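Down below is the structure, laid out as structure tokens.
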Amino acid sequence: MRTMLLTSLLVSLGAAAQADAQTLRVLILSGRNNHDWQTTTPFLKAMYEASGRFSADVTDDPASLTAETLASYDVLVDNWSAYPDMTGRQWDAAEEPILDFVRGGKGFVLLHAATACFSDWPEFQQMAGCTWGDESGHGTFHPFRVFIDDPEHPIAQGMPQFLTGPDELYHKLTPHPSMHVVASAFSAKDQKGTGDFEPVAVTTQFGEGRCFYNILGHNVEAMSGAGFRTLMLRGTEWAATGAVTIPVPEDLPTPKVNGAVVVGGHSFDEAVFPQIFDAHEGASYEILEQKDDSEIFDNVENFPYNVVVLYNMGQKITEARQANLLKLLDQGVGLVVLHHAVAAFNQWPEYANIIGAKYYLEDTADHTKSVYLHDVDFTVNVADPNHPVTRGLQEFVIHDETYNNYDIFDDNRVLLTTTETSSAPSLCWVRRYGNANVCFIQLGHGPEAFANPDYQRLVAQAATWAAKQK
Ligand SMILES: [Zn+2]
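Take the sequence shown: its position 267, counting from 1, is numbered 267 in my numbering, and each next residue is one higher.
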């Protein structure tokens, strides 16, 4: 009898402890703000509660944040901003209790515009990791891709790159020495951004506590996607506990490439070639062999592809087909040009302007013909790691054919280079043509290149960037 009682007591105590571990208590500080906190805060509260991991209370009065009220929470979520008042210590008596709360081992989460104030409060800046400053801004409200910079961080473990938005991608936030970037996004110039990566998920350590700044989340529309919700829930759980148990959903929207691979006019290893595209998970490609060099451009109404990958060396392209290719580029269909496609359409002068290079098939009055060399083993250097095409790539060695003595335009943004003397020094570049993202990759002659995982990743990232995923 006694034993039974003791057992059932232990069982119920265990159940209570488990229930406690499963429910983290969130307090959302809302209000003021140049954003629509009246809709975003209820959205956040519902999101936390629907996750099953959190309970959430809301206050819009900073003065209510005393040591006593904070004591019953695991994490404080800041959806409050004094913007445009960048200076001024608006939280008064709540400052010390908040700092003590975090220092003592609890969590602090900041959302989007929450850092656009308190530029004269050093501890706030230290907790945030990066804050809105004089240079800060954002481009258009648009969808973009979030890259994981620290895949080992508990928040990001198992998270793939994902599409988010439409949202505002902040740029030129003021970084503080405490900042650790977990995820970032490319701030595209054609969306009025900086042309560089900007942080979107930042963590800091503050005393025994943890802070997470989610720079995304302009409004409810921006917050509605699975990517934002996953990042916010996992970031909040990590801030509260230092660990993450909330799973990454299977259906995170990832960029979808639908590519047309144009071949013909030059032989290649047809058995191994498709490996390049098979390696690109989630993408679909169709290899289209051209019998008449360029018939893919005969009719481009309802063109089903968002990127064209040229691996052809046919020369014929009628004026009507030229106009159709230009029309696609104007519509923003991306272009990736691989290897011997540098020498395709050689009689069409505009082709060189599209790809950023001119190959000489024969000697001309003012240029000797371009040269190639088979079976060279050489090192590929990443000249610019701060671009979506090269993000995450390290220097690698490849067995390939090199090209040299062809014109490479000065206005290309060069991403990969080599010091191999038989090759042109620039191996890969990007440029804009019309509304299209264009990427040229000199590499890619044969099966050694096709099966090279670095080459496969390069082509996949080039196609994804070129396809834009708007
Ligand atoms: Zn905003």
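By construction, the Cβ of each residue, glycine as well, lies at the ideal position given by its N, Cα and C atoms. Nothing here was measured: the structure is a model prediction, and the numbers come from that model.
Report, in whole angstroms, the separation of the C-beta atoms of residue i and residue j, which I expect to be a contact under 8 Å.
i: L325; j: F297; result: 5 Å
i: G265; j: K468; result: At roughly 28 Å, the Cβ-Cβ gap does not stay under 8 Å, so G265 and K468 are not in contact.
i: H142; j: Q205; result: That pair is no contact at about 33 Å.
i: G227; j: T164; result: 4 Å
i: Y359; j: Y406; result: 5 Å
i: V263; j: V308; result: That belief does not hold up - the Cβ atoms of V263 and V308 are roughly 12 Å apart, past 8 Å.
i: F54; j: M223; result: Not a contact, Cβ separation roughly 16 Å.
i: S30; j: D60; result: 5 Å
i: A114; j: D78; result: 4 Å
Is the Cβ-Cβ distance between residue i and residue j less than 8 Å?
i: V181; j: P199; result: yes
i: G107; j: A188; result: no
i: H176; j: G129; result: yes
i: A424; j: I398; result: no
i: T390; j: V382; result: yes
i: L169; j: F144; result: yes
i: R32; j: S81; result: yes
i: Q315; j: F345; result: yes
i: H153; j: T203; result: yes
i: H280; j: I215; result: no
i: A194; j: G133; result: Checking the sequence, you will find Thr at residue 194 rather than Ala. No, Cβ-Cβ distance for T194 and G133 is not below 8 Å.
i: L328; j: V300; result: yes
i: Y213; j: L76; result: no
i: K256; j: G282; result: yes
i: I355; j: V342; result: yes
i: E123; j: L99; result: yes
Applying the criterion that 16 or more other CB atoms from any shown protein chain within 10 Å of the CB defines a buried residue, is residue i buried or exposed?
i: H387; result: buried
i: D92; result: exposed
i: H138; result: buried
i: K291; result: exposed
i: R89; result: exposed
i: T40; result: buried
i: L293; result: Contrary to the premise, residue 293 reads as Asp rather than Leu in this sequence. By the neighbour-count rule (16 or more Cβ atoms within 10 Å), D293 is buried.
i: H374; result: exposed
i: D363; result: exposed
i: A357; result: buried
i: N34; result: exposed
i: Q461; result: buried
i: G370; result: The sequence given here places Ser at residue 370; Gly does not occur at that position. Buried is the call here.
i: T140; result: exposed
i: S267; result: exposed
i: S284; result: exposed
i: P247; result: exposed
i: D36; result: exposed
i: S87; result: Looking at the sequence shown, residue 87 is not Ser but Thr. Per the 10 Å Cβ criterion, exposed.
i: P453; result: exposed
i: A365; result: exposed
i: Q471; result: Because the chain in this structure spans residues 1 to 470, residue 471 falls outside the shown range and cannot be described.
i: A260; result: buried
i: L427; result: buried
i: A463; result: buried
i: P62; result: buried
Give me the Cα-Cα distance between residue i and residue j, rounded to the nearest whole angstrom.
i: Q331; j: W465; result: 15 Å
i: I155; j: W348; result: 51 Å
i: D400; j: P160; result: 31 Å
i: E208; j: V102; result: 7 Å
i: R431; j: T402; result: 21 Å
i: T23; j: L252; result: 24 Å
i: F443; j: A449; result: The question names Phe, but residue 443 is Leu in the sequence shown. Computed Cα separation, rounded: 7 Å.
i: S72; j: L65; result: 11 Å
i: A271; j: H339; result: 18 Å
i: A320; j: P274; result: 30 Å
i: H367; j: F440; result: 22 Å
i: E420; j: V376; result: 9 Å
i: E237; j: T245; result: 8 Å
i: R457; j: I28; result: 41 Å
i: E135; j: F118; result: 16 Å
i: G225; j: F162; result: 10 Å
i: L70; j: A94; result: 10 Å
i: N353; j: G434; result: 11 Å
i: P84; j: T131; result: 13 Å
i: D150; j: I276; result: 26 Å
i: A185; j: L416; result: 21 Å
i: G105; j: R210; result: 7 Å
i: S8; j: S178; result: Because the pLDDT of S8 is 40, which lies under 50, any placement of that residue in the model is unreliable, and the number read from its coordinates should be weighed accordingly. In a straight line, the C-alpha of S8 is about 48 Å away from that of S178.
i: N404; j: Y305; result: 32 Å
i: V459; j: T418; result: 18 Å
i: K470; j: L288; result: At K470, the pLDDT of 36 sits below 50, so the modelled position is not reliable and the matter cannot be decided from this model.
Chain-ordered residues, beta carbon under 5 Å from a heavy atom of ligand 1 | E168, H218
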